[in-house]
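1 is the number of the first residue of the sequence shown in the working numbering; add one for each residue after it. Where a beta carbon is used, it is the ideal one built from N, C-alpha and C, also for glycine. If you're wondering where the values come from, they're calculated on a predicted model, not measured in any experiment. As structure tokens, the structure follows; a few thoughts come after it.
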Amino acid sequence: MSVEITRLENGLIVATDPMPHLQSAAVGVWVNCGARNETPKEMGLSHMLEHMAFKGTARRSAKDIAVEMESVGGDLNAYTAREQTAYHARILRNDIPLAFDLLSDILIHPSFVANELEREREVIIQELGQTRDTPDDLVFEHLQAACYPGQPMGWSILGTEETVSGFSERDLRKYMGTNYGAPGMILIGSGAISHAEMLGYARDLFSGLPGGSSATPLPATFHGGDIREVSPLEQAHLAFAFPGVATTDEDVFVAQVYATALGGGMSSRLFQEAREKRGLCYSIYAFAQAYNDTGSIGIYAGTGEDKAGEIAPIIASEMESLAESATEEETARARAQIKASLLMGLESPQARCELIAGHLYAFGRVLSVEELTARVEAVDALALRRFAEKICLRGDPAIAAVGPVKRLESRERFAARFGRTLGAA
């Protein structure tokens, strides 16, 4: 990757990753504002704003936006995350000007028409209902709330029926004015586009962005919790989490290797023990989640009602075993999986845009592929065992469960498997 970066007079950062051999480009605007920037009354407002940006501007209707992009075979989309919101497009080389025109229009001149707001309000309420009907999504909503109770980081990105029902045009404009300033935004292009072209589009189309930047969100603190929703499903959906590390922590790459060795593939310890040896579940995996100031190590498993009681002891056993006996062979295997995933992802312009945005917000620069792979390669079995031991000794675990979960052991019993007594210092 050879990324060129310029900060414009209004504070907007422009980053370009040319891939001249391609016939298309991924372009977009990443906003340093997400669900964790919200107050209790604003819960879900970042997501509502993302939806409403596509519902018309001063010179385009919602249908116009969709028709213009799809008439040239392009794709225009967006997403809201905990810490950022992104508006992005994938487009053929000759249609890049259209993508920038549409992106600038929806971000600078949204109309927020009343009837569109009412319609989209109902759409999001339906989305909330769909999440509740999807247990392997719902369990992660509960896990996030169990990890960060009473904090914006733990709230649903979608909000609630109550908050979504109360949002007004004034709320949208106020929130946008507070959080969508040029200094808190990055315009990124990867693929068949040059930095000179990017700067031209930025100056011509995005000079109208207001100054200022997003408000600083409240610090997030991991707290163990327990949320269980008993329902008559075929499967018990179980999720566990432990305090992890933040994006800029020196152990962030160790955390990725750890999660991969523990449950990142078919050769991982959890998959081999729970599925291959015992046949307890179809799906079981581990993951490492990092944010600006916090993080978590998580495990998910889906199993039958009669097997739900066996999962927690196996997870605790494999976590302790990894801390005691992680080998150079499995560490090398985990490193290879991470490096391959990274390098394969870099073949996609959209993935490269995501990486650039993440690095600029976290580190203030884009880490080179060589630096990334070197930091992964630096994780040896000793570092893996050290990190694994630290995870076993850290604070209270968080548990979330959905379905026939009455046989799942208590959080107190699970914590005691790691020598923890809940409530102790």
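Inset, instruction - May I have the straight-line CA-CA distance separating Glu169 from Met48, to the nearest angstrom? - result: Within the sequence shown, the letter at position 169 stands for residue 169. Within the sequence shown, the letter at position 48 stands for residue 48. So the alpha carbons of these two residues sit roughly 11 Å apart.
Inset, instruction - With a threshold of 16 other CB atoms inside 10 Å of the CB of Gln289, please say whether the residue is buried or exposed. - result: The residue labelled residue 289 in the question sits at position 289 within the sequence shown. Gln289 counts as buried, since no fewer than 16 other beta carbons sit within 10 angstroms of its beta carbon.
Inset, instruction - Leaving out five residues on either side along the sequence, give the residues of the same chain with a beta carbon under 8 Å from the beta carbon of Ala424. - result: For the purposes of this step, residue 424 is taken as the residue at position 424 of the sequence shown. Here the model assigns Ala424 a pLDDT of 44, short of 50, so the residue's position is not dependable, and the following value carries that caveat. Nothing meets the Cβ criterion.
Legend entry - Straight-line gap, Val14 to Gly181 (C-alpha atoms, nearest Å): Your numbering for residue 14 matches position 14 in the sequence shown. Your numbering for residue 181 matches position 181 in the sequence shown. Roughly 14 Å between the two C-alpha positions.
Inset, instruction - Could you check what DSSP says for Ala425 in three-state terms: helix, strand or coil? - result: Mapped onto the sequence shown, residue 425 falls at position 425. At Ala425, the pLDDT of 36 sits below 50, so the modelled position is not reliable; the number obtained from the coordinates is stated separately. DSSP places Ala425 in the coil class of the three-state scheme, outside both helix and strand.
Inset, instruction - Indicate whether Pro458 and Ser190 have their beta-carbon atoms separated by less than 7 Å. - result: This structure cannot settle anything about residue 458, because the visible part of the chain is limited to 1 through 425.
Inset, instruction - Would you decide whether Leu205 is buried or exposed? Buried here means 16 or more other CB atoms lie within 10 Å of its CB. - result: Translated into positions along the sequence shown, residue 205 becomes position 205. Burial call: buried.
Legend entry - Classification of Pro110 by the beta-carbon crowding that lies within 10 angstroms, buried from 16 upward: Locating residue 110 in the sequence shown gives position 110, where the first residue counts as 1. A residue is called buried once 16 or more other Cβ atoms fall within 10 Å of its Cβ, and Pro110 is buried on that count.
Inset, instruction - Specify, as a first and last residue, the run of the beta strand (DSSP E) that Pro18 falls within. - result: In the sequence shown, the residue the question calls residue 18 occupies position 18. Counting along the chain, the beta strand (DSSP E) containing Pro18 begins and ends at 13-18.
Legend entry - Distance between beta carbons of Val3 and Val369, contact taken as under 8 Å: Residue numbering aside, residue 369 sits at position 369 when the sequence shown is read from its first letter. Residue numbering aside, residue 3 sits at position 3 when the sequence shown is read from its first letter. Not quite, the Cβ-Cβ distance comes to about 11 Å (not below 8 Å), so this is no contact.
Legend entry - Best match in Pro20, Leu102, Val31, Leu12 for proximity to Ser358 [C-alpha to C-alpha]: Here the question's residue 358 lines up with position 358 in the sequence shown. In the sequence as displayed, the identity of residue 358 is Gly instead of Ser. Of Pro20, Leu102, Val31, Leu12, the smallest CA-CA separation from Gly358 is found for Val31.
Inset, instruction - Thinking Ile315 and Leu270 are a contact (beta carbons under 8 Å), I'd like their distance in whole angstroms, please. - result: On the sequence shown, position 315 is the one that residue 315 refers to. On the sequence shown, position 270 is the one that residue 270 refers to. Correct: roughly 7 Å between the Cβ atoms.
Inset, instruction - Indicate the three-state DSSP secondary structure (helix, strand or coil) for Cys281 in the structure shown. - result: As a working mapping, residue 281 is identified with position 281 in the sequence shown. Strand.
Legend entry - Every unbroken beta strand (DSSP E) within the segment 191-262, with a cutoff of 3 residues, ordered by chain: Whole beta strand (DSSP E) segments, 3+ residues: 226-230, 235-243.
Inset, instruction - Could you please give me the residues that DSSP links to Ser24 through a beta bridge? - result: Here the question's residue 24 lines up with position 24 in the sequence shown. Note: Ser24 sits in a beta bridge opposite Leu92.
Inset, instruction - Alpha carbon to alpha carbon, how far is Ser321 from Pro313? Give it in angstroms, no decimals. - result: If you number the sequence shown from 1, residue 313 lands on position 313. If you number the sequence shown from 1, residue 321 lands on position 321. For Pro313 and Ser321, the distance between alpha carbons rounds to 12 Å.
Inset, instruction - Taking only runs that begin and end inside the segment 278-360, name each unbroken alpha helix (DSSP H) of 4 or more residues, in chain order. - result: Segments of the alpha helix (DSSP H) lying fully in the segment 278-360: 308-325, 328-345.
Legend entry - Cutoff 6 Å; reference Gly11; Cβ partners in own chain excluding five residues on either side: Taking the sequence shown and counting its residues from 1, the one referred to as residue 11 is at position 11. Apart from sequence neighbours up to five positions away, the residues of its chain that approach Gly11 with a beta-carbon distance below 6 Å are Ala182, Pro183, ordered along the chain.
Inset, instruction - With DSSP as the reference, please indicate the residues paired to Val31 in a beta bridge. - result: For this step, residue 31 is matched to residue 31 along the sequence shown. Answer is Thr85, Met185, bridged to Val31.
Legend entry - Leu76: first and last residue of the uninterrupted beta strand (DSSP E) it sits in: Mapped onto the sequence shown, residue 76 falls at position 76. Counting along the chain, the beta strand (DSSP E) containing Leu76 begins and ends at 75-80.
Legend entry - Cβ separation of Pro404 and Ala308, assumed to be a contact under 8 Å, to the nearest whole Å: Taking the first residue of the sequence shown as position 1, residue 404 is located at position 404. Taking the first residue of the sequence shown as position 1, residue 308 is located at position 308. Beta-carbon to beta-carbon, Pro404 and Ala308 are separated by about 7 Å, close enough to satisfy the 8 Å threshold.
Legend entry - Check whether Arg36 and Pro135 have beta carbons under 7 Å apart: Counting from one through the sequence shown, the residue named residue 36 turns up at place 36. Counting from one through the sequence shown, the residue named residue 135 turns up at place 135. No, the Cβ-Cβ distance between Arg36 and Pro135 is not below 7 Å.
Legend entry - Helix, strand or coil at Glu439 according to DSSP, with G and I counted as helix: Absent from the structure is residue 439, since the part of the chain shown begins at 1 and ends at 425.
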